[in-house]
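Residue numbers (the working numbering), protein chains in the order written: chain A, 1 to 329; chain B, 330 to 658.
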């Protein structure tokens, strides 16, 4: 069987057309966001929508619960959909809701989304106070039940604390190295080394605000960055987390940034002059474009096995390690 | 392996002591109620409590999701706990929440609890208008995903409608035949014949209000009733659903009867003079007493295979048929 193609973060305006593009692009598994600022009940409403899509399009998509569902998807020409939360709001202050979310299929959770949460600090807070008492308890619970801590959008001290505190490998599903493109959401070299050294994964983002030269970023530049990251962190620690927000209206990026926490519009990585979604780079517009990245990586001198790893096999291995309960629990 | 011992309805005031009694009594699986009048959120809170018990007492209990978990429980000397709702309140008017509940482990749902619900009429309503439009949709959805419709506490027309409408066998998990003891909650012969004729199951209740002579019911009388039921409906359609409410204060039966739907205390099957839980019969006080029923059934002339069936093997077969999604869904 060919190596799987996995994208470890998307938040599209889902439609049968996009599901068909995933098939056309040979995407075997995607980690999709099911909540930003939603309450628990609103998150459940989003899961209900997904269940309806699974029922209506059983020939295109299948719900992903374990890494074996990637194989199932490959064997049946479908895309396995794995759920994640970009914000821990749905668990409120209730550690018991972590396992409830796992039972509902949530396999990734960010402890923060840009802002302070009950668990830790986000990358847009002025002061990052690191993991809270509750945050430490939740990391332990996620370790126990097999839910992966996603470092994306966290502040740097919070990220450091999570890497130190977690008994199982964690993931930065969608961000890039700061040394390639300095941005609030990109992460410093020492932290990426610590993450990889503990068995963690880095998913490279294709969201223009995370790219050198933004929407004009060249494929060669991106692939050279991946090659440099491989030399620093090991190619087996790398994957893709495109952060593709296909077909979304700008109201969605407003929701991501402002939620219900402010009456003033927030601009996050954007600005008052450019408040909307930036244009994707010409070589990655949708799920049919992963072949460009594969070709670009091969050109940099990676072996086929290394490229297979970066394009999905590394995530598949990580999903297999990360989604099962701890032995004895 | 010996035949499993299964009780298809309990609502105890759960404690490690009761879990140990289940082990002492050799109970391999129990269907437990996780909501009467609870909202969806309150039901989730009850599931959180169960998850905590599974974590704290992994040597005594294990969460049941499929019939294979009965084997797992037997092989590891534990009791498998299967969840059910006695009231469809948690799904509100949202058909999508049926599958969400299934994902959380709910395997049985009553469409009504004594009163009118959005799905049908309960056995204490003066007028039973049968399955509603929404009720028919929900039966179809339960059929699709593998959640068993529980007829207990429904009105007789609603029960008839469910048996007619359901594409898969349904169950009356805890009630007795009206011909043995006329009571609002017991069910008429023609309906029990129709239920069994469609592959359904009858779980005999040991709750005194459902028993001939109430708390003074003799074991022989109960077992003779089972023998008569076997001759009418087939012994393979029969099981136990004790309705054991062990260690519960009377405030719990008040909650069952009154919920939040009335400011006046309701008495249900009790009365103003005897508002509390009735005493259990001397031969069935807790989970250690199933041996008395087994011995009593053997005395009536049932074969060992038939008694094995009634004491659990029939439920095990029914769980295996009932808890999987429909082919193709």
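Glycine included, each C-beta is placed from N, C-alpha and C at the ideal position. From a predicted model like this one, the values you see are computed outputs, not experimental measurements.
Nearest-angstrom Cα separation, counted from residue j out to residue i
| i | j | result |
| --- | --- | --- |
| residue 556(B) | residue 631(B) | 8 Å |
| residue 168(A) | residue 322(A) | 8 Å |
| residue 259(A) | residue 656(B) | 41 Å |
| residue 433(B) | residue 372(B) | 10 Å |
| residue 525(B) | residue 563(B) | 8 Å |
| residue 127(A) | residue 257(A) | 18 Å |
| residue 580(B) | residue 590(B) | 15 Å |
| residue 156(A) | residue 185(A) | 10 Å |
| residue 199(A) | residue 189(A) | 16 Å |
| residue 397(B) | residue 214(A) | 53 Å |
| residue 284(A) | residue 242(A) | 9 Å |
| residue 400(B) | residue 633(B) | 20 Å |
| residue 270(A) | residue 181(A) | 15 Å |
| residue 66(A) | residue 139(A) | 20 Å |
| residue 645(B) | residue 118(A) | 44 Å |
| residue 232(A) | residue 431(B) | 45 Å |
| residue 541(B) | residue 550(B) | 8 Å |
| residue 325(A) | residue 30(A) | 21 Å |
| residue 584(B) | residue 508(B) | 29 Å |
| residue 418(B) | residue 370(B) | 11 Å |
| residue 208(A) | residue 193(A) | 24 Å |
| residue 122(A) | residue 187(A) | 13 Å |
| residue 135(A) | residue 378(B) | 21 Å |
| residue 319(A) | residue 8(A) | 10 Å |
| residue 45(A) | residue 627(B) | 51 Å |
| residue 601(B) | residue 137(A) | 49 Å |
| residue 582(B) | residue 615(B) | 18 Å |
Proximity below 7 Å, CB of residue i to CB of residue j
| i | j | result |
| --- | --- | --- |
| residue 191(A) | residue 159(A) | yes |
| residue 28(A) | residue 93(A) | no |
| residue 11(A) | residue 165(A) | no |
| residue 54(A) | residue 16(A) | no |
| residue 610(B) | residue 552(B) | no |
| residue 348(B) | residue 389(B) | yes |
| residue 36(A) | residue 114(A) | no |
| residue 413(B) | residue 368(B) | no |
| residue 171(A) | residue 210(A) | no |
| residue 410(B) | residue 392(B) | yes |
| residue 154(A) | residue 130(A) | no |
| residue 291(A) | residue 219(A) | no |
| residue 307(A) | residue 288(A) | no |
| residue 462(B) | residue 454(B) | no |
| residue 577(B) | residue 380(B) | no |
Heavy atom of the ligand FAD within 6 Å of residue i beta-carbon
| i | result |
| --- | --- |
| residue 234(A) | The model depicted lacks the ligand FAD and carries no ligand whatsoever. |
Please specify which runs of the alpha helix (DSSP H), each continuous and at least 4 residues long, are wholly inside the region 546 to 609 of chain B, giving them in chain order. 548 to 562 and 579 to 587
Tell me whether the region 265 to 278 of chain A and the region 230 to 241 of chain A touch, counting them as touching only if at least three CB pairs, one residue from each stretch, are closer than 8 Å. no
Can at least three beta-carbon pairs, one atom from the region 401 to 410 of chain B and one from the region 337 to 354 of chain B, be found at a separation below 8 Å? yes
Relative to chain B, which residues along the region 103 to 115 of chain A have a C-beta separation below 8 Å, given in chain order? 103, 104 and 105
Give the residues from the region 401 to 431 of chain B that approach chain A closer than 8 Å (Cβ to any Cβ), ordered along the chain. 423, 425, 426, 428 and 429
Every unbroken alpha helix (DSSP H) inside the region 175 to 205 of chain A [4 residues or more]: 189 to 197
Select from the region 146 to 180 of chain A all residues with a C-beta closer than 8 Å to any C-beta belonging to chain B, and list them in chain order. none
Would you list, in chain order, the members of the region 362 to 379 of chain B that have their beta-carbon closer than 9 Å to a beta-carbon of chain A? 369, 370, 373, 374, 376, 377 and 378
Mind the definition here: the region 262 to 272 of chain A touches the region 213 to 230 of chain A only if three or more C-beta pairs lie below 8 Å; say whether that holds. no
The region 300 to 319 of chain A / the region 2 to 10 of chain A touching (three or more Cβ pairs under 8 Å): yes
Contact between the region 434 to 451 of chain B and the region 468 to 481 of chain B: three or more CB pairs below 8 Å? yes
Quick one: which unbroken alpha helix (DSSP H) runs of 4-plus residues sit fully inside the region 61 to 126 of chain A? Chain order, please. 68 to 75 and 96 to 103
Would you call the region 81 to 98 of chain A and the region 129 to 144 of chain A touching, i.e. three or more CB-CB distances under 8 Å? yes
Contact between the region 194 to 208 of chain A and the region 173 to 185 of chain A: three or more CB pairs below 8 Å? yes
Residues, ordered as in the chain, of the region 577 to 588 of chain B that lie near chain A by beta-carbon distance below 9 Å: none
Counting only Cβ-Cβ distances shorter than 9 Å, please list the residues of the region 330 to 358 of chain B near chain A, keeping chain order. none
Short-range partners of chain B found in the region 125 to 136 of chain A, where Cβ spacing is below 8 Å: none
Residues of the region 276 to 300 of chain A with a CB closer than 9 Å to any CB of chain B: list them in chain order, please. none
Within 7 Å of chain B by C-beta, residues of the region 178 to 201 of chain A in sequence order: none
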